[in-house]
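Here is the structure we will look at.
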Amino acid sequence: MSESTASFAPLPVPPAGAPNVVVIVLDDLGFAQLGCFGSDIATPHIDALAAGGLRYNRFHVTSLCSPTRACLLTGRNHHAVGMGFLADIPIGFPGYNGTIPRSAATLPRILRDTGYSTFAVGKWHLAPRWELSASGPFDRWPLGLGFERFYGFLGGDTNQWTPELVADNGFVEPPRSPQDGYHLTEDLADRAIRFVHDQQQATPGKPFFLYLATGAMHAPHHVAPEWIERYRGRFDRGWEAWRDDAFARQREIGVVPDGTTLTARPSWVDAWDGLSNDRRRLFARMMEVFAGFLSHTDAQIGRVVDFLAQTGTLDDTLLILCSDNGTSAEGGPLGSLNEHRFTHDRTDDIADTLAHLDDLGGFHAYNHYAWGWAWAGNAPFRLWKRYTWLGGVRTPLVVHWPRRLETPGEVRGQFCHAVDITPTVLDAVGIEQPEIVDGTRQQPVDGVSLLPTFADADAPDPRRTQYFEMLGSRAIYHDGWKATTDHVGRQLTVERELLEGSLDFETDRWELFDLDHDFSEARDLSAEHPERVRRLEQLWWAEAGRNQVLPIDDTFIGRAVAMVPSPWGLRRRAVYRPGGGAVAEDTLPPLGAGFRLLADIEVGERAEGIVVALGDWNNGFAFYLLAGAPVAVFNLFGELSRVAAEGPMAAGEHTVGLEYVRTPAGGGPVALVVDGRTVGGGLLGQDLPFRWQIGGTGLLVGRDRGFPVCDEYHPPFAFTGTIRHVAVEAPPASPRDTAAEVREALRHE
1 MSESTASFAP LPVPPAGAPN VVVIVLDDLG FAQLGCFGSD IATPHIDALA
51 AGGLRYNRFH VTSLCSPTRA CLLTGRNHHA VGMGFLADIP IGFPGYNGTI
101 PRSAATLPRI LRDTGYSTFA VGKWHLAPRW ELSASGPFDR WPLGLGFERF
151 YGFLGGDTNQ WTPELVADNG FVEPPRSPQD GYHLTEDLAD RAIRFVHDQQ
201 QATPGKPFFL YLATGAMHAP HHVAPEWIER YRGRFDRGWE AWRDDAFARQ
251 REIGVVPDGT TLTARPSWVD AWDGLSNDRR RLFARMMEVF AGFLSHTDAQ
301 IGRVVDFLAQ TGTLDDTLLI LCSDNGTSAE GGPLGSLNEH RFTHDRTDDI
351 ADTLAHLDDL GGFHAYNHYA WGWAWAGNAP FRLWKRYTWL GGVRTPLVVH
401 WPRRLETPGE VRGQFCHAVD ITPTVLDAVG IEQPEIVDGT RQQPVDGVSL
451 LPTFADADAP DPRRTQYFEM LGSRAIYHDG WKATTDHVGR QLTVERELLE
501 GSLDFETDRW ELFDLDHDFS EARDLSAEHP ERVRRLEQLW WAEAGRNQVL
551 PIDDTFIGRA VAMVPSPWGL RRRAVYRPGG GAVAEDTLPP LGAGFRLLAD
601 IEVGERAEGI VVALGDWNNG FAFYLLAGAP VAVFNLFGEL SRVAAEGPMA
651 AGEHTVGLEY VRTPAGGGPV ALVVDGRTVG GGLLGQDLPF RWQIGGTGLL
701 VGRDRGFPVC DEYHPPFAFT GTIRHVAVEA PPASPRDTAA EVREALRHE
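This is the structure:
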């Protein structure tokens with residue numbers, strides 16, 4: 001060896017002066033809800049970023065969660081990378097299969113190969129539902145798509161107090177209980193700081209990419225009471241008054257141009273003055289909770305930014321902050337104490353919600369505000385998330401880069417889109433989009449760098465054309481003009497019944513807007529320019545063909561029929577044992593059409609503890625022993641049903657269980673069984689949900705965690721005997737309600 005010359009494989013080294021990159025994605029935040037975009041909700045830390053950076057008032061997204069994130073991280077249109085809908089509802093068409101292809105390497109993958117450290121913290125929502133269990137596969141988890149570290153949650157939403165968490169490629173439990181002060185957004189800020197701190201300690205000067213995607217402001221709106229109390233009484237004048245005031249502030253600070261029209265209140269949003277006193281009190285409280293949640297989120301973002309400043313890395317950091325879509329109206333016209341009810345097409349009872357008014361934002365609620373606040377939060381635009389009107393697709397964008405931005409505090413008016421973020425970052429770093437990654441030729445990039453606009457307020461728009469499509473709502477932008485259909489989605493009963501517009505693609509009417517002179521999409525010019533409408537409609541179809549948009553559908557049935565089945569098949573019987581983590585709900589046998597659960601156990605006198613538990617007091621069921629007696633509790637959307645044995649079991653070995661038989665009318669009898677003998681029974685008055693939790697823990701054996709299913713026990717309530725195994729069996733004739741599954745997932749995107 002002493003006579004030989006060693007050679008070393010070159011390590012990737014970023015270009016000289018390459019900045020750190022931080023991308024922050026808020027969820028369901030409207031155009032008017034940040035202070036720097038006209039809100040009176042306190043967001044001082046984000047406002048400071050805007051004051052030291054740039055605000056873009058013509059930034060656009062896709063109007064839904066997974067699709068926007070796919071655009072942002074790949075630089076391609078959402079259908080072009082298989083993300084025309086939600087990742088957790090993969091559909092058997094190229095534009096909707098929920099799978100980012102290898103031909104669309106992600107921004108973190110490109111930066112990692114350039115020598116960056118790459119971290120993802122928070123919400124992911126870019127993996128098909130069948131891949132979200134402890135078994136993976138992990139190709140479409142963050143570490144499979146270019147990130148080196150991940151901490152957060154994989155689905156569309158989660159309980160802010162008791163989230164289902166993943167660290168890298170494994171499920172973990174929160175570091176503290178909610179009773180000990182845990183909150184997800186604080187935890188995410190802690191982890192983001194820790195990732196960067198450890199990386200800079202080990203390799204000072206090595207650039208990093210941090211992708212921080214909060215669960216806020218998506219429902220459930222959870223925050224500690226002291227944050228809510230800051231806003232008590234602030235919204236008592238109602239949503240029209242708040243929207244008017246926000247619009248006045250927007251004009252004053254220049255985020256909407258002179259001459260902008262504030263679009264009118266639509267018929268489906270109730271006039272505040274026409275509401276009862278009780279409804280006004282309830283709806284105002286819902287907005288107080290939202291405002292506290294937003295200010296709390298801003299404070300956690302501030303902690304991350306302060307850390308960067310304290311460590312001397314902020315000046316060399318390109319920070320980009322945006323929202324994935326406009327405000328969410330999925331609380332419906334009445335809002336919701338328990339969003340699980342709304343997702344199952346169940347209307348909240350106003351009297352019940354009022355009785356729990358003080359629970360809003362806390363441990364006992366899974367709350368969402370009334371859609372009047374969603375309308376107000378998108379001022380000055382129409383509609384909201386899931387629609388391709390500006391209320392759904394135009395959101396705030398803040399860019400902060402002290403080293404490069406020479407005119408901080410200015411507003412930029414170029415028409416831009418989420419697909420432009422990846423090209424902008426690569427341009428800032430000084431690298432080209434690779435043509436081949438892992439032997440796969442890369443598909444064309446749809447985005448264009450915004451870097452020229454950083455220095456020049458009059459730089460040309462980066463794009464001339466952008467199509468939009470979401471759940472059948474369609475729009476097209478070209479050279480300053482936007483055509484938008486009046487289509488109303490048929491997925492949600494309340495929108496189908498109340499919103500004005502077309503329910504049939506054949507009768508859709510394209511409305512026309514000159515966005516260069518009509519910032520808020522307020523004046524329909526289709527009657528004056530029918531030929532322009534025709535050309536724009538043709539352009540939409542051309543873009544749809546180029547981007548895999550077809551076929552389009554606005555129902556759940558069409559999507560359910562085409563939903564990609566689980567590659568693992570549907571299990572009718574499964575056996576579980578204690579000692580592991582939670583079993584993902586999607587891997588369980590289907591329970592809704594009835595099921596039998598039998599557990600082989602050995603107990604002493606008056607044994608106690610969880611046999612199995614799924615969900616919590618918002619929606620869940622638990623089977624446990626209490627003073628030696630079997631108990632089954634079903635908490636269906638907050639409505640409790642309890643079945644208990646007549647007395648305790650003797651010490652020794654037993655087979656205990658329960659059996660639920662669904663009746664055609666819905667619900668059905670529940671029997672408790674010990675050693676083949678029925679020891680108790682009752683009747684469920686309603687069907688089991690087709691999905692218990694979207695962002696909660698799966699099935700746990702021998703213990704519970706987070707919130708209980710009922711107040712009769714407190715987690716972990718570990719089983720005091722021995723559980724050998726638990727068998728769960730569903731009857732052969734229990735078909736999946738795939739349409740219902742799509743409907744459920746849509747409301748948690």
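For the sequence shown, our numbering assigns the number 1 to the initial residue and increments by one for each residue that follows. C-beta atoms are modelled at their ideal positions from N, C-alpha and C, and glycine is treated no differently.
Discussion item. Considering just the uninterrupted stretch of the beta strand (DSSP E) at A613, what are its terminal residues?
Written reply: G609 to D616
Worksheet item: Going straight from the alpha carbon of A42 to that of L636, what length do you get?
Response: 36 Å
Worksheet item: Apart from the five residues on each side of it in sequence, which residues of its chain come closer than 8 Å, Cβ to Cβ, to E240?
Response: R265, A271, W272 and A376
Worksheet item: Less than 9 Å separating the beta-carbons of H296 and S328?
Response: no
Worksheet item: What are the start and end residues of the beta strand (DSSP E) that includes T118?
Response: S117 to K123
Discussion item. Only counting the same chain, and skipping five residues up and downstream in sequence, which positions put a Cβ closer than 7 Å to that of Y116?
Written reply: P14, P207, F208 and F209
Worksheet item: Can you tell me the Cα-Cα spacing of H60 and A80, whole angstroms?
Response: 17 Å
Fill in: Helix, strand or coil at C710 [DSSP, three-state]
coil
Worksheet item: Cα separation between D553 and I91?
Response: 11 Å
Fill in: Every unbroken beta strand (DSSP E) inside the region 646-674 [3 residues or more]
652-661 and 668-674
Discussion item. Contact between the region 312-332 and the region 56-76 is defined here as three or more beta-carbon pairs at a separation below 8 Å; is this criterion met?
Written reply: yes
Fill in: Secondary structure of Q466, DSSP reduced to three states
strand
Item to complete: Compare the C-alpha of A622 against each of G38, A613, W242 and G628 and name the closest.
Response: A613
Item to complete: Going by DSSP, name the residue or residues bridged to N635.
Response: G620 and L640
Worksheet item: When DSSP labels each residue in this structure, what does A284 get in the three-state scheme?
Response: helix
Worksheet item: According to the Cβ coordinates, are L54 and V448 closer than 9 Å?
Response: no
Discussion item. With H, G and I counted as helix, E and B as strand and the rest as coil, what does DSSP make of L73?
Written reply: helix
Fill in: E506, DSSP secondary structure in three states
helix
Practice prompt. Can you give me the start and stop residues for the beta strand (DSSP E) that G170 sits inside?
Written response: G170 to V172
Discussion item. Just to confirm my understanding: we take G652, look at its own chain, exclude 5 residues before and 5 after, and list those with CB closer than 8 Å. What are they?
Written reply: E602 and V603
Worksheet item: When the Cα atoms are used, what is the spatial distance from S734 to G594?
Response: Residue placement at S734 is poorly supported in this model, since its pLDDT is 47, which falls under 50; the coordinates still yield a value, given next. So the alpha carbons of these two residues sit roughly 8 Å apart.
Discussion item. Following a CB-centred definition, is A6 positioned closer than 8 Å to any heavy atom of the ligand NAD?
Written reply: What this structure holds is no ligand at all, so the ligand NAD is not there to describe.
Worksheet item: Which stretch, first to last residue, makes up the alpha helix (DSSP H) that contains H197?
Response: L184 to A202
Worksheet item: Looking at Y624 and F513, is the spacing between their C-beta atoms short of 9 Å?
Response: no
Worksheet entry | Contact between the region 674-682 and the region 136-147 (3+ Cβ pairs under 8 Å) | no
Discussion item. Starting from D245, trace the beta strand (DSSP E) in both directions and tell me its first and last residue.
Written reply: Per DSSP, D245 belongs to no beta strand (DSSP E); it is in the alpha helix (DSSP H), W239 to I253.
Discussion item. Would A50 and Q250 qualify as a contact pair, given that the criterion is a beta-carbon distance under 9 Å?
Written reply: no
Worksheet entry | Exposure label - M649; buried when at least 16 CB within 10 Å | buried
Worksheet item: Mind pulling the alpha helix (DSSP H) runs of 4 or more residues that sit fully within the region 516-552?
Response: 530-546
Practice prompt. Would you kindly report the start and end of the unbroken beta strand (DSSP E) that includes R149?
Written response: R149 to F153
Fill in: Segment limits, alpha helix (DSSP H) that includes V100
First, the residue type needs correcting, since residue 100 is Ile and not Val in the sequence shown. Run containing I100: none; DSSP gives neither H nor E here.
Fill in: Assigned exposure category for A167 - 16 Cβ within 10 Å defines buried
exposed
Practice prompt. Look up F208 in the DSSP assignment and give the residues it is bridged to.
Written response: S117
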